[in-house]
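J.:
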Amino acid sequence: MDKIIKLKSHGEAQALCGTQDANIRLIEKEFKVKLTLRNEHLKVSGTTHNIKKASGLIDYLLNAERSEQEGIGATNISNGKQIRPKTNGQREYVEAIRDYDIVFGIGPAGTGKTYLAMASAVEALKKQEIRRIILTRPAIEAGESLGFLPGDINAKISPYLRPLYDAIYDMMDAERIEKYIETGIIEVAPLAYMRGRTLNDAFIILDEAQNCTAEQMKMFLTRLGFDSKTVITGDMTQSDLPQEKPTGLLQAQDILKGIKEIKFIYLSGSDVVRHALVQRIIEAYDKTIKKD
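At position 121 of the sequence shown (counting the first as 1) the number is 174 in our numbering, and the numbers step up by one without a gap.
1) Hey, quick one: how far does the alpha helix (DSSP H) through Asp152 stretch, first residue to last?
2) Would DSSP call Ser292 helix, strand or coil?
3) Could you pull the start and end residues of the beta strand (DSSP E) that Thr59 belongs to?
4) Could you tell me the alpha carbon to alpha carbon distance between Leu217 and Ala170, rounded to whole angstroms?
5) If you drop the 5 nearest sequence neighbours on each side, which residues of the same chain put their C-beta closer than 7 Å to that of Tyr319?
6) Taking all protein chains shown into account, do 16 or more other C-beta atoms lie within 10 angstroms of the C-beta of Gln269, making it buried, or fewer, making it exposed?
7) Candidates Leu303, Gly237 and Met54: which alpha carbon is nearest Thr290's?
8) Quick one: what's got a C-beta closer than 6 Å to Asp55's C-beta in the same chain, skipping five residues either side?
9) Can you give the Cα-Cα distance for Glu93 and Lys59, rounded to whole angstroms?
10) For the region 219-233 against the region 293-302, do three or more pairs of beta-carbon atoms, one drawn from each stretch, fall closer than 8 Å, so that the two count as touching?
11) Closest by CA to Val325, which one among Thr167, Ala107 and Ile285?
12) Is DSSP giving Lys105 helix, strand or coil here?
13) Output the boundary residues of the alpha helix (DSSP H) element that contains Lys232.
14) Using a Cβ-Cβ cutoff of less than 6 Å, which residues in the same chain neighbour Leu309 once the five nearest sequence positions on both sides are dropped?
15) Comparing C-alpha positions only, which one of Ile238, Asp254 and Leu259 sits nearest to Tyr246?
16) Could you give the residue range of the beta strand (DSSP E) that holds Glu81?
17) Quick one: residues in its chain with C-beta nearer than 6 Å to the C-beta of Ile239, no 5 flanking neighbours on either side, listed in chain order?
18) With distance defined between alpha-carbon atoms, name the residue in Ala242, Gly71, Lys271 and Thr275 nearest to Pro191.
19) Would you grab the beta carbon distance between Phe273 and Leu244 for me? Rounded to a whole angstrom, and I think it's under 8 Å.
20) According to DSSP, is Ser98 part of a helix, a strand, or is it coil?
21) According to DSSP, is Gln181 helix, strand or coil?
22) Considering Phe157, what are the terminal residues of the beta strand (DSSP E) in which it resides?
23) Give the straight-line distance between the Cα atoms of Gln67 and Ile77, rounded to the nearest whole angstrom.
24) Return yes when the Cβ of Gly165 is within less than 8 Å of the Cβ of Gln143, no when it is not.
25) Would you kindly check if the distance between the Cβ of Leu115 and the Cβ of Ile80 is under 8 Å?
26) Rounded to whole angstroms, what's the CA-CA distance from Asp307 to Thr140? Just pull it up for me.
27) For Ile125 and Gly287, what's the separation of their Cα atoms in angstroms?
28) Could you have a look at Leu259 and say whether DSSP puts it in helix, strand or coil?
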């Protein structure tokens, strides 16, 4: 039995075959099939069962290659920079953000939770899918009580929201960001300032959600308005809340897991794309926590 798989280009055929046809030989050996490539048509020969298994892997490899070449899963940033998910976990996360109105991205530092959410928000703004971006974070260190600090709201909360600023400044030029902040297209505020609002036509990112209390998490989730999208990011192992206060992120996971319109994505050490040492640190801490 034979199956024909049509390839889109010579470059795609080269990528599939690998260096000196190494990928082809590996697939043939692993699945006991014969692969023949002619004029961008790949013929898979063998038993029905083996062809099905080999074709599944080939389709997966082609989809991954097309994601890179055609921009599927890529985020086009206004300064011309492209940000792409680098792992399967990150790719699943970006796809979930596009497909669901509420997405929880849970995982350790360095997995791109906040960065990819921010990139998705900028992309949505560029495509005019939303009218504004709202970035928020619980100011746990200040107990959410910032009135005693000098300066306007941005000066008061800047230390707590700096990571969000860092991410967005990496994606847009400073002049544009300042203009967007002045006109309210981009809003950066502590979680307490979300109370009593309904957020329509917005892409809302809640960062460091492990530092939300149960009450704060419920308050935030019920701010979602029409034509809006929400991404909640957090790391269960890094909560700064007192031990007697359970994290709202953990509670939300338990309460909302049965709602099919809400997606939970769990990233792991294999999704860390920072310095290799960061991944080793995460693994070392995870082992220690498990022992305890």
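All C-beta atoms in this analysis are idealised placements derived from N, C-alpha and C, irrespective of residue type, glycine included.
It should be emphasised that the depicted structure is a prediction, and the values quoted were computed from it without experimental measurement.
T.: With the structure as the only source:
1) Along the sequence shown, read from residue 1 onward, the residue named residue 152 stands at position 99. From DSSP, the alpha helix (DSSP H) with Asp152 extends over Asn141 to Asp152.
2) As a position in the sequence shown, residue 292 is number 239, starting the count at 1. Looking at Ser292 - three-state DSSP - the assignment turns out to be coil, as it is neither helix nor strand.
3) For this step, residue 59 is matched to residue 6 along the sequence shown. With the sequence shown as reference, residue 59 is identified as Lys, and Thr is not the correct amino acid for it. Segment Asp55 to Lys59, the beta strand (DSSP E) holding Lys59.
4) Position 164 of the sequence shown, counting from 1, holds the residue named residue 217. Position 117 of the sequence shown, counting from 1, holds the residue named residue 170. Going by the C-alpha atoms only, they are around 10 Å apart.
5) Walking along the sequence shown from the start, residue 319 turns up at place 266. Here the set comprises Ile159 and Gly160.
6) As a first step, residue 269 must be located in the sequence shown, where it is residue number 216. Burial call: buried.
7) Translated into the one-based positions of the sequence shown, residue 290 becomes position 237. The candidate whose alpha carbon is nearest that of Thr290 is Leu303.
8) The sequence position of residue 55 within the sequence shown is 2, counting from 1. Taken in chain order, the residues that qualify are Lys96 and Ser98.
9) Numbered from 1 along the sequence shown, position 40 holds the residue referred to as residue 93. Numbered from 1 along the sequence shown, position 6 holds the residue referred to as residue 59. Whole-angstrom Cα-Cα distance: 6 Å.
10) no
11) What you label residue 325 is simply residue 272 of the sequence shown in a count that begins at 1. Nearest of Thr167, Ala107 and Ile285 to Val325, Cα basis: Thr167.
12) To locate residue 105, count along the sequence shown from 1; it is residue 52. Helix.
13) Translated into positions along the sequence shown, residue 232 becomes position 179. Ala227 to Thr236 is the span of the alpha helix (DSSP H), which, as asked, contains Lys232.
14) For the purposes of this step, residue 309 is identified with residue 256 of the sequence shown, where counting begins at 1. Around Leu309: Ile315.
15) Position 193 of the sequence shown holds residue 246. Comparing Cα positions, the closest option is Leu259.
16) One-based indexing of the sequence shown puts residue 81 at position 28. Where Glu81 is concerned, there is no enclosing beta strand (DSSP E), although the alpha helix (DSSP H) it sits in stretches over Ala75 to Phe84.
17) On the sequence shown, residue 239 is found 186 positions in, with the first residue counted as 1. Counting only Cβ-Cβ distances below 6 Å, and skipping sequence neighbours, we find Ile186 and Tyr233.
18) Here residue 191 refers to the residue found at position 138 when the sequence shown is read from its first residue. Ranking Ala242, Gly71, Lys271 and Thr275 by Cα distance to Pro191 puts Ala242 first.
19) Locating residue 273 in the sequence shown gives position 220, where the first residue counts as 1. Locating residue 244 in the sequence shown gives position 191, where the first residue counts as 1. Between Leu244 and Phe273 the Cβ distance is about 6 Å, and since that is below 8 Å, they are a contact.
20) Within the sequence shown, residue 98 is the residue found at index 45, counting from 1. Reduced to three states, the DSSP call for Ser98 is strand.
21) Residue 181 sits at position 128 when you count from the first residue of the sequence shown. Looking at Gln181 - three-state DSSP - the assignment turns out to be coil, as it is neither helix nor strand.
22) On the sequence shown, residue 157 is found 104 positions in, with the first residue counted as 1. That run of the beta strand (DSSP E) goes Ile155 to Ile159.
23) What you label residue 67 is simply residue 14 of the sequence shown in a count that begins at 1. What you label residue 77 is simply residue 24 of the sequence shown in a count that begins at 1. When rounded, the distance between both Cα atoms is 10 Å.
24) Translated into the one-based positions of the sequence shown, residue 143 becomes position 90. Translated into the one-based positions of the sequence shown, residue 165 becomes position 112. The answer is yes: Cβ separation under 8 Å.
25) Here residue 80 refers to the residue found at position 27 of the sequence shown. Here residue 115 refers to the residue found at position 62 of the sequence shown. Against a cut-off of 8 Å, the Cβ pair of Leu115 and Ile80 comes out as no contact.
26) What you label residue 307 is simply residue 254 of the sequence shown in a count that begins at 1. What you label residue 140 is simply residue 87 of the sequence shown in a count that begins at 1. The straight-line gap from Cα to Cα measures roughly 26 Å.
27) In the sequence shown, counting from the first residue as 1, residue 125 sits at position 72. In the sequence shown, counting from the first residue as 1, residue 287 sits at position 234. No answer about Ile125 holds up, because its pLDDT of 40 lies below 50 and its placement is not dependable.
28) The residue labelled residue 259 in the question sits at position 206 within the sequence shown. Looking at Leu259 - three-state DSSP - the assignment turns out to be strand.
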